[in-house]
Amino acid sequence: MEQLEGAIRQTGVEIYVETEDGLKKGIAVIYPMRYRQKQWGGVERNEEGRSDAKRYFMFCAPQLLEKADFGAYIYEGRNKYRLIWKDEFVCRIGGYVKACLRKVAEEKNDEQFIY
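The numbering of the sequence shown is our numbering, which starts it at 173 and goes up by one.
What follows is the structure, given as structure tokens:
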């Protein structure tokens with residue numbers, strides 16, 4: 173049942189999540205979203221296509237984002253992200269959370285999303 177969490181621990185990086193209870197430390201896999209254009213004009217996430225370095229997906233154990241809501245800060249090395257949304261998945265080989273992150277830039281004590 174812990175196969176997914178083991179795979180995340182093996183391939184992930186150390187992160188910190190800022191929640192109402194303080195900082196939580198854990199391991200997560202973070203990678204940039206990729207987009208391609210649909211024929212009807214919508215935008216679809218896909219493994220093939222162009223990478224958007226401002227938006228990221230994160231996979232982690234469910235307890236790491238348990239009390240994190242929209243706008244929560246996530247720190248990975250020198251990078252800082254804000255949580256946009258999260259979905260929890262459970263299957264036979266374990267559970268995980270898929271989250272969408274937006275990279276944050278800091279300029280002169282003012283915080284801005286990178287657009």
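All residues carry an ideal CB built from backbone N, CA and C; glycine is no exception. Computed from a prediction, not measured in an experiment: that's the story for all the values here.
Under 6 Å Cβ to Cβ from residue i, same chain only, skipping five residues before and after it: list those, please.
i: isoleucine 256; result: Cys272, Arg274
i: glycine 267; result: Pro234
i: alanine 240; result: Val189, Thr191, Leu255
i: arginine 181; result: Ile199
i: glycine 243; result: Arg254
i: tyrosine 245; result: Glu190
In angstroms, rounded to a whole number, what distance separates the CA positions of residue i and residue j?
i: aspartate 259; j: glycine 249; result: 24 Å
i: leucine 236; j: threonine 191; result: 10 Å
i: tyrosine 228; j: aspartate 193; result: 24 Å
i: arginine 264; j: lysine 197; result: 26 Å
i: leucine 195; j: glycine 184; result: 18 Å
i: glutamate 186; j: glutamate 238; result: 17 Å
i: valine 201; j: glutamate 177; result: 11 Å
i: tyrosine 247; j: phenylalanine 231; result: 14 Å
From what residue to what residue does the beta strand (DSSP E) around residue i run?
i: aspartate 259; result: 251-263
i: glutamate 192; result: Unbroken run through glutamate 192: none, as it is neither H nor E.
Sorted by chain position, which residues of the same chain lie with C-beta nearer than 7 Å to residue i's C-beta, five sequence neighbours on each side aside?
i: phenylalanine 261; result: Gly267, Tyr268, Lys270
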